[in-house]
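*Asks:* Just remember that this note's numbering sits 51 ahead of the position in the sequence shown, which is counted from 1.
All residues carry an ideal CB built from backbone N, CA and C; glycine is no exception.
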Amino acid sequence: MVTGAHTLRRDRVMTEHRDGVAATGWPGVVATDESPDAPRIGVLALQGDFREHARMLTELGARVIRVRRPEDLSGIAGLVLPGGESTVMDKLARMSGLVTSLRVAIAAGMPAYGTCAGLILLADRVLDGLTDQQTLGGFDITVRRNAFGSQNESFETDLDIPLLGAPPVHAVFIRAPVVESLGPAVTALARLEDGRVVAVEQGHLLGTSFHPEIMGDYRFHEYFLAKVQKSVAGGHSGVASVGRPAQ
Ligand code: GLN
């Protein structure tokens, strides 16, 4: 659904982007020489609900690139990692040769937003993962997969998130992780009533255990696009390169 408000926001996103671009690139991926008039946002499209993210980001004015191979990273200024199944995405990312490029770019400061399985992929430490499960890392957090057990695999609740203001976010949890420990650079953005952390931020990284892309609440995606724009204005126009690095 595109409302008038979202149309305005799209205009704002595009204008701000045009005003603040510098042309460097993320290590591990090469800059394109295009002069995009909207932020180029990668959505990891190996598995999961990447279509929902792509639709929302497009409605907000971003140029969405579906990332399936290292070449797709060229020129992206930020990356969204969808919900789905982290163990499957991990295997597919390793098979496609994406892992090294993504690790390098994220470690170098490329903005990234992960929802649910995407948050697991961004976490430095995972509990209840498969024995050979790996992550891209970057977020100094420990997440526990499937933290709500079989009795409560899926549920919805309203979360007060001061960062986003009113109204509360109607959050959908589907076999969701929780953040069990946070490093000193990580801020808890949202907690359940029992205190468990379900949304986090660490500089260029953003993560939610739940799925704004399913409920169509645009506020996290808008916040993420603003983060990307700050990064672009700070001198990063996108991932540079796109040779296939040695794995
Ligand atoms: N349980 C899934 C995993 O471990 C995440 C579920 C989701 O993304 N909705 O990857």
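Identify every residue that forms a DSSP beta bridge with H221.
*Replies:* What you label residue 221 is simply residue 170 of the sequence shown in a count that begins at 1. Residue pairing by DSSP places H221 opposite D209 in a beta bridge.
*Asks:* Around the Cβ of R195, are there at least 16 other Cβ atoms within 10 angstroms (buried) or fewer (exposed)?
*Replies:* As a working note, residue 195 is residue 144 in the sequence shown. Its Cβ being crowded by 16 or more others within 10 Å, R195 is buried.
*Asks:* Just the Cα atoms here: how many angstroms apart are T259 and V230?
*Replies:* Indexing the sequence shown from 1 puts residue 259 at position 208. Indexing the sequence shown from 1 puts residue 230 at position 179. Within the model, the alpha-carbon separation for T259 versus V230 is close to 9 Å.
*Asks:* Could you check what DSSP says for F190 in three-state terms: helix, strand or coil?
*Replies:* The residue given as residue 190 occupies position 139 in the sequence shown. F190: strand per DSSP, three-state reduction.
*Asks:* I need the straight-line Cα distance from P133 to G286, nearest angstrom please.
*Replies:* The count along the sequence shown starts at 1 and reaches residue 133 at position 82. The count along the sequence shown starts at 1 and reaches residue 286 at position 235. The straight-line gap from Cα to Cα measures roughly 26 Å.
*Asks:* Starting from I265, follow the alpha helix (DSSP H) in both directions and report where the run begins and ends.
*Replies:* Along the sequence shown, one-based indexing puts residue 265 at 214. Where I265 is concerned, the enclosing alpha helix (DSSP H) stretches over 263 to 266.
*Asks:* Going by Cα to Cα distance, which pick from T138, T109, I92, V94 is closest to Q185?
*Replies:* Sequence index remark: in the sequence shown, residue 185 carries index 134 (1-based). Checking every option, the nearest Cα to that of Q185 belongs to T138.
*Asks:* In this structure, does DSSP put R91 in helix, strand or coil?
*Replies:* Looking up residue 91 in the sequence shown gives position 40. Three-state DSSP puts R91 in a strand.
*Asks:* What do you reckon, are the CB atoms on L149 and V131 nearer than 8 Å?
*Replies:* Here residue 149 corresponds to residue number 98 of the sequence shown, with the count starting at 1. Here residue 131 corresponds to residue number 80 of the sequence shown, with the count starting at 1. Cβ atoms of L149 and V131: not closer than 8 Å.
*Asks:* Excluding the five sequence neighbours on either side, which residues of its own chain have a C-beta within less than 6 Å of the C-beta of F101, listed in chain order?
*Replies:* Taking the sequence shown and counting its residues from 1, one reaches residue 101 at position 50. Answer for F101: V94, P133, listed in chain order.
*Asks:* Note down, in chain order, each residue of its chain lying with its Cβ closer than 6 Å to the Cβ of G160, except the 5 sequence neighbours on either side.
*Replies:* Taking the sequence shown and counting its residues from 1, one reaches residue 160 at position 109. A distance below 6 Å between beta-carbons, with the five flanking residues on each side excluded, links G160 to the following residues of its chain, in chain order: H255.
*Asks:* Following a CB-centred definition, is T138 positioned closer than 7 Å to any heavy atom of the ligand GTP?
*Replies:* Summarising the ligand content, the structure contains the ligand GLN and does not contain the ligand GTP.
*Asks:* Less than 8 Å between the C-beta atoms of V223 and E207, yes or no?
*Replies:* Taking the first residue of the sequence shown as 1, we reach residue 223 at position 172. Taking the first residue of the sequence shown as 1, we reach residue 207 at position 156. Against a cut-off of 8 Å, the Cβ pair of E207 and V223 comes out as a contact.
*Asks:* Do L97 and M140 have their beta-carbon atoms positioned less than 8 Å apart in this structure?
*Replies:* Here residue 140 is taken as the residue at index 89 of the sequence shown, counted from 1. Here residue 97 is taken as the residue at index 46 of the sequence shown, counted from 1. Going by C-beta atoms, M140 is nearer than 8 Å to L97.
*Asks:* According to the neighbour-count rule (16 or more other Cβ atoms, all chains shown, within 10 Å of its Cβ), is S232 buried or exposed?
*Replies:* Here residue 232 refers to the residue found at position 181 of the sequence shown. Sixteen is the threshold: since fewer than 16 other Cβ atoms of the shown chains lie within 10 Å of the Cβ of S232, the residue is exposed.
*Asks:* The ligand GLN heavy atoms versus the CB of N197: any closer than 7 Å?
*Replies:* Your numbering for residue 197 matches position 146 in the sequence shown. Because some heavy atom of the ligand GLN lies under 7 Å away, the Cβ of N197 counts as near it: yes.
*Asks:* Once you ignore the five residues that flank V279 on each side, which residues in its own chain have a CB closer than 6 Å to its CB?
*Replies:* Here residue 279 refers to the residue found at position 228 of the sequence shown. Beyond the five residues adjoining it in sequence on each side, V279 comes within less than 6 Å, by CB distance, of P90, A128, G129, P162 in the same chain, given in chain order.
*Asks:* In terms of alpha-carbon separation, which member of N197, R114, G188 lies closest to Q253?
*Replies:* Walking along the sequence shown from the start, residue 253 turns up at place 202. Q253 has its Cα closest to that of G188, out of N197, R114, G188.
*Asks:* Look up D175 in the DSSP assignment and say whether it is helix, strand or coil.
*Replies:* Start at 1 with the first residue of the sequence shown, and residue 175 comes out as number 124. It is a strand residue.
*Asks:* Tell me, to the nearest whole angstrom, how far the beta carbon of A227 is from that of F261; I am working on the premise that it is less than 8 Å.
*Replies:* Within the sequence shown, residue 227 is the residue found at index 176, counting from 1. Within the sequence shown, residue 261 is the residue found at index 210, counting from 1. With 8 Å as the limit, A227 and F261 qualify as a contact, their Cβ atoms being about 6 Å apart.
*Asks:* Using CA coordinates, which residue listed in V251, G246, P219 is at the minimum distance from M266?
*Replies:* Here residue 266 refers to the residue found at position 215 of the sequence shown. Closest by alpha carbon: P219.
*Asks:* Roughly how many angstroms separate the alpha carbons of L173 and F271, rounded to a whole number?
*Replies:* Position 122 of the sequence shown holds residue 173. Position 220 of the sequence shown holds residue 271. Approximately 17 Å, taken between the alpha carbons.
*Asks:* Tell me, which residues are paired with S232 by DSSP?
*Replies:* Within the sequence shown, the letter at position 181 stands for residue 232. S232 pairs with T193.
*Asks:* With H, G and I counted as helix, E and B as strand and the rest as coil, what does DSSP make of I127?
*Replies:* The sequence position of residue 127 within the sequence shown is 76, counting from 1. Three-state result, I127: coil.
*Asks:* Assuming contact is defined by CB atoms lying nearer than 8 Å, are V237 and L243 in contact in what I supplied?
*Replies:* Position 186 of the sequence shown, counting from 1, holds the residue named residue 237. Position 192 of the sequence shown, counting from 1, holds the residue named residue 243. No.
*Asks:* Using the Cα positions of D209 and D268, report the straight-line distance between them to the nearest angstrom.
*Replies:* Residue 209 sits at position 158 when you count from the first residue of the sequence shown. Residue 268 sits at position 217 when you count from the first residue of the sequence shown. Rounded to whole angstroms, D209 to D268 spans 12 Å at the Cα level.
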